[in-house]
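This report concerns only the one structure given below.
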Amino acid sequence: MSVTLSTLHSSARAGRRLRPSNAKTVVISAAHAHLGTSVRLLTENAETGADQPRHRRPTMKLPPAPTTKPALPWISPLQYRSPAHGAPPSPPPPPPPPAPSPPPPRYLHHPELARLIASSASAQRALDLFNAASSQRGFSHTPATFSALLVRLARARLPRAAAAVLRRAASAPCRFLEPQLLPLARLLPPDHALALLRLLPALLGKTRVSHKALAVCLDRLVSSRGCPSVLDELLADLRDPRNKYLPRPNTCVYNILIKHYVKSGELETAFKVLDEMREHTCADVKPNLVTYSTLIGGLCRGGKMKEAFGLFEDMIEKDRIVPDQLLYNVIIDGFCRLRQVEKARAIFGFMRKNECEPNAFNYATLINGHCKKGDIEAARAVFEEMRSAGVEPDAVSYTALIGYLCRHGSVDEGINLVLEMKEKGCKADVVTYNLVVEGLCKDGRTVEALDLLESVPLEGVQLNVASYRIVMNCLCSRGELDKAVGLLGLMLGRGFVPHYAASNNLLIGLCNAGRVADVTMALYGLADVGFMPKASCWERLVETVCRERKQRRSTELLDVLIGVC
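For the sequence shown, the residue numbers in our numbering are 14 to 578.
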């Protein structure tokens, strides 16, 4: 018999109470039609547990959540475990193993071999590398490896070994490029440079060498000045119409020859070369500005200003060559050498008429000429004219004025010019500072000179040995031994050796003052740089040793003297 939901509601209103088991059965039976067979499991469970007493699960009241935020964050004991008191901290994890290095290359390439040869510690090591590579099957050298070995041998001053490698390279199938061999010509001795020039056609795979290669080798022969026979041999080849490896000389080659003859004082031969250039029919052989500047400079240095000015006019009128500021400066310097500063001053007007404004180099030469003549007021006038013309004075202009002022007792004015140079951004060089140091020493201001020696290197100016010797000679002549000993330590610490006479004077002065300890230390330092006292100084040192009663000092000084011997 089925019971509907309306029956249940009516029973409830009537106050009738159903038994719990019956109520459960009725409810489940009513829902069975709607939920299907899956409710049977629920029914069985309800029927089996209907008679069992139902117990309520015990409940626990949780404390209320804290309203304030804890002072420290909560850390789980599974995440952190505090170490025991006094226990050492755990060691850091070991570093990861290094990555395996790549295996060495199985084959050595030519660029790598050339680099190894060029950076080898010795020439023998370079030869060993070269020969070891040659012994490998199928390996043939390239121009890069040959040139690296040749340059290494030339720098080691082994010209015979380089010549043997050159002959081997000439018979090799490889062909060189000219830039690979021209640096070698500048390193070899003159006779080997000529041999290289003769081998160039075979090395380059050409019938003739270029004008550039000829000019480089010729300049090497000219600059050596030690093998005139080799130069004559090359000149004979140049003039021989049967030679097949050299080109016909051009203007550059002729200029090198003229420069050589002018420096050697053979002006007549130089003018013969000029006549040969003028008679030449080739278009690439014409006298140019370099040709005339070299010849005019040789005439001016020889005091032949009349001939120099005549050649200058011929250059302008006959060859239509416009002079530049450098050539004008050669003439200005020539007149200043002869103390003809007025004629040098007239060149400035000639320059402006020809639309060539004087530069700082021209003004500096004229200022130096006035200073050499002793006319400081005229030199200052040229200096101010230079500024008004918009030409900033350079270090040469300042140094000319500073040198005159320091030599004639106006050191403070010279120092003011040095400070002015710094303000103008014009850096003074070692020549400028040496003039100031010399002026201070002449005035007896040795303390300022020593301060200058200390401070100038900090400004980036590299002093030379003359800077220190000027002060050392002054201190020794004035008998200021304490300052001289301090300066000696400064010089030796910076790698400079005092003048031989000043060193002997310092040792004798210390002996006369009875300062055996200072003599010993000074002689120790000088002996390390190969100093050998002269005879009079040696006698004075031995006498000081014999007179000294302190056995230790005497023994030390004797040891130094014996070591010097």
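A virtual CB, placed ideally from N, CA and C, is assigned to each residue, including glycine.
| Query | Result |
| --- | --- |
| Along the chain, where does the alpha helix (DSSP H) containing Phe-325 start, and where does it finish? | 318-330 |
| Relative to the alpha-carbon of Asp-232, which residue among Asp-204, Leu-217 and Arg-221 has its alpha-carbon at the smallest distance? | Asp-204 |
| Pick out the complete alpha helix (DSSP H) segments inside the segment 201-284, 4 residues or longer, and give them in chain order. | 203-217, 224-237, 241-252 and 264-276 |
| Taking only runs of the alpha helix (DSSP H) that begin and end inside the segment 433-482, which ones reach a length of at least 4 residues, in chain order? | 443-455 and 459-468 |
| Can we say the segment 479-496 touches the segment 459-469, given the rule of at least three CB pairs closer than 8 Å? | yes |
| So, helix, strand or coil for Gly-538, using DSSP? | helix |
| If you drop the 5 nearest sequence neighbours on each side, which residues of the same chain put their C-beta closer than 8 Å to that of Val-164? | Ala-131, Pro-196, Leu-197 and Leu-200 |
| How would you label Lys-437, buried or exposed, when you count the other beta carbons within 10 angstroms and need 16 or more for buried? | exposed |
| Report all residues from its chain with a CB closer than 8 Å to the CB of Thr-20; omit the five preceding and five following residues, and keep chain order. | Residue confidence for Thr-20 is low, a pLDDT of 43 falling below 50, so the modelled location carries little weight and cannot support an answer. |
| Here's the rule I'm using: 16 or more other beta-carbon atoms within 10 Å means buried, otherwise exposed. How should Glu-451 be labelled? | buried |
| Would you kindly work out how many angstroms separate the C-alpha atoms of His-154 and Leu-432, rounded to a whole number? | 60 Å |
| By Cβ distance below 7 Å, which residues in the same chain neighbour Asn-447 in space, the five residues on each side in sequence not counted? | Ala-479, Ser-480 and Ile-483 |
| Does any heavy atom of the ligand HEM sit closer than 8 Å to the C-beta of Ala-540? | This structure lacks the ligand HEM; in fact it carries no ligand of any kind. |
| Is there contact between the segment 236-247 and the segment 179-189, where contact requires at least three CB pairs shorter than 8 Å? | no |
| Would you give the residue range spanned by the alpha helix (DSSP H) that Ile-309 belongs to? | 302-314 |
| Can you tell me whether DSSP reads Gly-1 as helix, strand or coil? | No answer is possible for residue 1: the residues shown for the chain start at 14 and end at 578. |
| Rounded to whole angstroms, what is the Cα-Cα separation between Leu-251 and Leu-227? | 10 Å |
| Who are the Cβ neighbours of Val-532 in its own chain at under 8 Å, not counting the five residues just before and after it? | Leu-520, Leu-523, Cys-524, Leu-554, Thr-557 and Leu-570 |
| Going by C-alpha to C-alpha distance, which of Ala-175, Phe-325, Leu-476 and Gly-403 sits closest to Val-444? | Leu-476 |
| Kindly give me the distance between the Cβ atoms of Leu-162 and Val-178, rounded to whole angstroms, as I take these residues to be in contact under 8 Å. | 6 Å |
| Our contact map puts Leu-302 next to Ile-345 with C-beta atoms below 8 Å; I'd like the distance itself, whole angstroms only. | Incorrect: roughly 17 Å between the Cβ atoms, too far for contact. |
| How is the alpha helix (DSSP H) around Glu-398 delimited, first residue to last? | 389-401 |
| Leaving out five residues on either side along the sequence, give the residues of the same chain with a beta carbon under 8 Å from the beta carbon of Met-364. | Gln-338, Tyr-341, Glu-370, Pro-371 and Asn-375 |
| One question on the structure: do Cys-240 and Leu-248 come within less than 9 Å of each other, judged by their Cβ atoms? | no |
| Going by CA-CA distance only, name the one from Leu-379, Glu-390 and Ala-373 that's closest to Gly-403. | Ala-373 |
| Could you give the first and the last residue of the continuous alpha helix (DSSP H) run that contains Gln-137? | 136-147 |
| Would a C-beta distance cut-off of 9 Å place Lys-219 and Leu-212 closer than the cut-off? | no |
| Gly-411: buried (16+ other C-beta within 10 angstroms of its C-beta) or exposed? | Just to set this straight, residue 411 is Tyr in the shown sequence, not Gly. By the 10 Å Cβ count, Tyr-411 comes out buried. |
| Mind checking whether Val-298 and Thr-264 have CB atoms under 9 Å apart? | yes |
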